[in-house]
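Here is the structure we will look at.
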Amino acid sequence: MKLSNSIFWSLAMSLLMITACSGPKKEAATLLIYGGPIYTVDSVQTRVEAVVTKDSIILFAGNLEEAEKYKNEQTQVIDLKGKTMTPGLIEGHGHFMGLGNSELEIDLLNTTSYQEIIDIVAEAVKKAEPGEWIIGGGWHQSKWDSLPADAVNGFQTHDLLSAVTPNNPVYLSHASGHAGFANAKAMEIAGLQILSKEGIDKFEIEGGEVMRDKTGRLTGIFNERAQRLIYQHIPQDSPEKKAKAFDLAVKACHRNGITSFHDAGIGSQTLKFYENAKAANKMNVRIYAMLRGGDKDLLNEWYKKGPFIDPDNRLTIRSIKLSCDGALGSRGAWLLEPYTDRPGHFGHETLPMKMVQETALNGLRNGFQVCSHAIGDRANKEILDRYEAAFVELPNLKTDHRFRIEHAQHLHPDDIPRFTELGVIPAMQAVHLSSDRPWAIDRLGEKRIKEGAYMWQDLLKSGIPIVNGTDVPVEPLNPIASLYASISRKTLKGTPEGGYEPEQKMTREQALKSYTLDAAYGAFEENIKGSITAGKLADFTIYDQDIMTIPEDEFLKTEIAMTIFNGDVVYKKNE
1 MKLSNSIFWS LAMSLLMITA CSGPKKEAAT LLIYGGPIYT VDSVQTRVEA VVTKDSIILF
61 AGNLEEAEKY KNEQTQVIDL KGKTMTPGLI EGHGHFMGLG NSELEIDLLN TTSYQEIIDI
121 VAEAVKKAEP GEWIIGGGWH QSKWDSLPAD AVNGFQTHDL LSAVTPNNPV YLSHASGHAG
181 FANAKAMEIA GLQILSKEGI DKFEIEGGEV MRDKTGRLTG IFNERAQRLI YQHIPQDSPE
241 KKAKAFDLAV KACHRNGITS FHDAGIGSQT LKFYENAKAA NKMNVRIYAM LRGGDKDLLN
301 EWYKKGPFID PDNRLTIRSI KLSCDGALGS RGAWLLEPYT DRPGHFGHET LPMKMVQETA
361 LNGLRNGFQV CSHAIGDRAN KEILDRYEAA FVELPNLKTD HRFRIEHAQH LHPDDIPRFT
421 ELGVIPAMQA VHLSSDRPWA IDRLGEKRIK EGAYMWQDLL KSGIPIVNGT DVPVEPLNPI
481 ASLYASISRK TLKGTPEGGY EPEQKMTREQ ALKSYTLDAA YGAFEENIKG SITAGKLADF
541 TIYDQDIMTI PEDEFLKTEI AMTIFNGDVV YKKNE
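Residue numbers for the sequence shown follow the UniProt record's numbering, so the first one is 1 and each next one is one higher.
This is the structure we're talking about:
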């Protein structure tokens with residue numbers, strides 16, 4: 001039977017209207033989140049009512065009414081109940097396995113005296129077998145109530161430690177990681193004595209210092225590259241310990257709302273371990289790993305292979321870490337002028353600058369980002385000079401290089417604008433100000449502190465982003481502490497009133513961005529993470545307070561309530 005044209009068109013129009021009214025079918029969501037402030041770090045819409053995800057990807061961020069159109073009976077719904085959500089936080093500079101190991105070794109981070117260290121180690125000796133190494137770290141002499149009377153160059157000597165550990169070698173890393181403290185047994189195993197039989201002084205270490213008293217006697221302090229005299233005798237970690245440390249590090253990240261981690265310097269063994277963990281589906285934090293620059297064989301291997309951009313964004317290899325000077329706490333940071341509290345001492349150049357130049361050129365030629373540790377003003381200046389020379393030599397390869405300086409803690413005023421001019425990203429750990437500023441003025445003096453230390457706002461105003469973080473295990477992983485330092489410039493005890501050099505404070509928006517979108521930019525990953533934007537990875541951090549509005553004096557009470565990684569809830573407080 002044939003339909004008349006009028007009937008045919010009537011039916012066709014009816015079908016068209018039904019289709020138009022129903023609208024396009026929405027993709028079904030696996031997760032819908034609503035019920036609290038959601039800060040997106042997206043410039044188009046900075047705050048939304050709801051977020052919808054499909055497996056590991058964000059489908060939608062916007063108003064709740066529209067979000068509910070993605071929901072079906074299988075959709076998991078999370079009501080924030082007033083809690084606050086942001087993009088998943090990114091640890092912009094830390095040491096992942098160091099984080100795990102710090103939970104397995106002696107923790108001296110909160111010690112306030114040399115005697116307290118001795119007491120803790122003495123307890124560890126009771127549980128150790130004779131000859132077993134006792135390893136720990138976190139002590140910082142400038143944070144103690146007072147120094148021992150027999151201190152040398154502002155450091156304790158080993159005598160009291162050695163007295164309680166006659167049968168066990170001990171090595172205790174400084175909080176900065178740039179110095180260490182050995183007992184007599186450890187130095188004996190290392191074969192260290194005042195002079196060798198040939199009359200050669202073993203203790204003249206380029207880029208480091210073996211601390212001695214006025215009589216030439218060893219104090220037990222090994223600064224910068226001199227640490228290897230002891231390190232080489234410490235037994236390697238067992239596979240079991242590595243696996244446990246890795247698992248502890250993943251859990252620590254989840255507890256702290258960290259979904260991505262820039263691992264600042266790994267060797268071939270750690271890289272192989274990570275590759276195995278990824279293959280076994282255990283890589284539940286996104287690691288952006290920097291290859292250890294001192295391992296030339298490792299670098300040459302990767303120059304040939306080229307960067308590895310992980311499609312799953314679990315383990316990416318496209319950067320190189322160079323360690324170019326020491327830390328202020330150990331007086332190893334390389335300065336243009338001498339230390340105020342150690343006249344005649346300028347710190348240490350721990351890596352020849354010609355190697356920075358060589359690596360910068362190789363990085364440009366082979367597609368690798370170069371990330372150089374520099375704390376002192378001379379180290380920062382020298383590295384900027386070498387980067388600039390490489391850009392001049394290879395102008396066609398410098399586009400979007402995103403070279404970084406890790407820490408950039410103390411800068412000469414003339415070098416501050418050079419970061420933007422050269423496109424060099426400062427990766428600065430704001431919590432270092434809270435820990436270091438009270439005594440850093442002793443190292444640098446007031447003028448250098450005010451003109452060039454922790455210059456966050458000057459750098460941001462010049463147009464360059466800052467990558468934030470903690471340098472864990474140098475500092476605890478807790479991002480709340482580093483965000484608080486960013487906005488207050490106070491110690492974690494809330495002093496001084498108004499903060500140190502308050503003109504350099506970050507705004508709350510800048511601080512959050514430094515832990516999310518700017519940190520993602522520092523790893524070439526701003527298109528897949530760092531903001532709550534449709535199409536990006538479903539990584540979120542949820543807090544029990546609104547970090548964008550709570551009073552400053554309430555900020556440190558904030559706790560991570562939940563962490564969502566790859567679309568899955570991986571941590572809930574009290575569970």
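Positions of the beta carbon are idealized from the N, C-alpha and C atoms, including for glycine.
Should residue i be labelled buried (16 or more other beta-carbon atoms within 10 Å of its own) or exposed?
{"i": "R378", "result": "buried"}
{"i": "N566", "result": "buried"}
{"i": "N167", "result": "exposed"}
{"i": "Y543", "result": "buried"}
{"i": "A327", "result": "buried"}
{"i": "F308", "result": "exposed"}
{"i": "K536", "result": "buried"}
{"i": "E73", "result": "exposed"}
{"i": "T541", "result": "buried"}
{"i": "S486", "result": "buried"}
{"i": "K557", "result": "exposed"}
{"i": "L64", "result": "exposed"}
{"i": "D436", "result": "buried"}
{"i": "G306", "result": "exposed"}
{"i": "A61", "result": "buried"}
{"i": "A279", "result": "exposed"}
{"i": "D539", "result": "buried"}
Quick check: the Cα distance between residue i and residue j, rounded to an integer number of angstroms?
{"i": "Y114", "j": "E103", "result": "21 Å"}
{"i": "D325", "j": "G423", "result": "22 Å"}
{"i": "K304", "j": "N362", "result": "11 Å"}
{"i": "K450", "j": "L394", "result": "36 Å"}
{"i": "D79", "j": "K143", "result": "43 Å"}
{"i": "L460", "j": "I466", "result": "7 Å"}
{"i": "L477", "j": "A249", "result": "10 Å"}
{"i": "V48", "j": "W139", "result": "44 Å"}
{"i": "K185", "j": "I234", "result": "12 Å"}
{"i": "V77", "j": "D568", "result": "12 Å"}
{"i": "Q504", "j": "I532", "result": "28 Å"}
{"i": "Q141", "j": "Y500", "result": "22 Å"}
{"i": "S43", "j": "K529", "result": "14 Å"}
{"i": "E123", "j": "E116", "result": "11 Å"}
{"i": "D312", "j": "W133", "result": "39 Å"}
{"i": "T359", "j": "E554", "result": "45 Å"}
{"i": "E406", "j": "H432", "result": "13 Å"}
{"i": "A175", "j": "T316", "result": "28 Å"}
{"i": "P343", "j": "K447", "result": "16 Å"}
{"i": "F391", "j": "K398", "result": "6 Å"}
{"i": "D458", "j": "N468", "result": "15 Å"}
{"i": "S323", "j": "V121", "result": "30 Å"}
{"i": "I118", "j": "V285", "result": "36 Å"}
Does the distance from the C-beta atom of residue i to that of residue j stay below 9 Å?
{"i": "Y484", "j": "K493", "result": "no"}
{"i": "P426", "j": "A453", "result": "no"}
{"i": "L298", "j": "G267", "result": "yes"}
{"i": "H262", "j": "E421", "result": "no"}
{"i": "R404", "j": "S372", "result": "yes"}
{"i": "H93", "j": "A264", "result": "yes"}
{"i": "R314", "j": "M283", "result": "yes"}
{"i": "E525", "j": "Y231", "result": "no"}
{"i": "A67", "j": "V51", "result": "yes"}
{"i": "T259", "j": "G522", "result": "no"}
{"i": "L444", "j": "H410", "result": "yes"}
{"i": "E349", "j": "E382", "result": "yes"}
{"i": "V170", "j": "I221", "result": "no"}
{"i": "L59", "j": "A534", "result": "yes"}
{"i": "H178", "j": "P473", "result": "no"}
Could you tell me whether any Cβ in chain D is nearer than 9 Å to the Cβ of residue i?
{"i": "K513", "result": "In the structure shown, chain D cannot be found, because there is only a single protein chain."}
Let me check you understand the geometry: is the CB of residue i closer than 8 Å to at least one non-hydrogen atom of the ligand SAM?
{"i": "V356", "result": "This structure lacks the ligand SAM, and indeed carries no ligand of any kind."}
For the 8 Å Cβ check, are there 3 or more pairs between the region 144-161 and the region 126-133?
Segments in contact, no.
Is there contact between the region 210-220 and the region 333-344, where contact requires at least three CB pairs shorter than 8 Å?
Touching, no, given that fewer than three Cβ pairs across the two stretches are closer than 8 Å.
Would you check if there are 3 or more beta carbon pairs closer than 8 Å linking the region 508-519 to the region 39-47?
With a cut-off of 8 Å, the region 39-47 and the region 508-519 count as touching, because enough Cβ pairs lie within range.
Complete alpha helix (DSSP H) runs within the region 263-349 (minimum length 4 residues, chain order):
Whole alpha helix (DSSP H) segments, 4+ residues: 268-279, 296-305.
Can you list, in chain order, the stretches of the beta strand (DSSP E) that have 3 or more residues and sit fully within the region 400-425?
Taking only runs of at least 3 residues, the beta strand (DSSP E) segments lying wholly in the region 400-425 are 404-407.
Just to confirm the assignment: which complete alpha helix (DSSP H) runs, minimum length 4, are found wholly within the region 80-117?
Inside the region 80-117, DSSP marks whole alpha helix (DSSP H) runs of 4 or more residues at positions 96-102, from first to last along the chain.
4-residue-minimum alpha helix (DSSP H) runs that sit fully inside the region 465-495, ordered along the chain:
Taking only runs of at least 4 residues, the alpha helix (DSSP H) segments lying wholly in the region 465-495 are 479-488.
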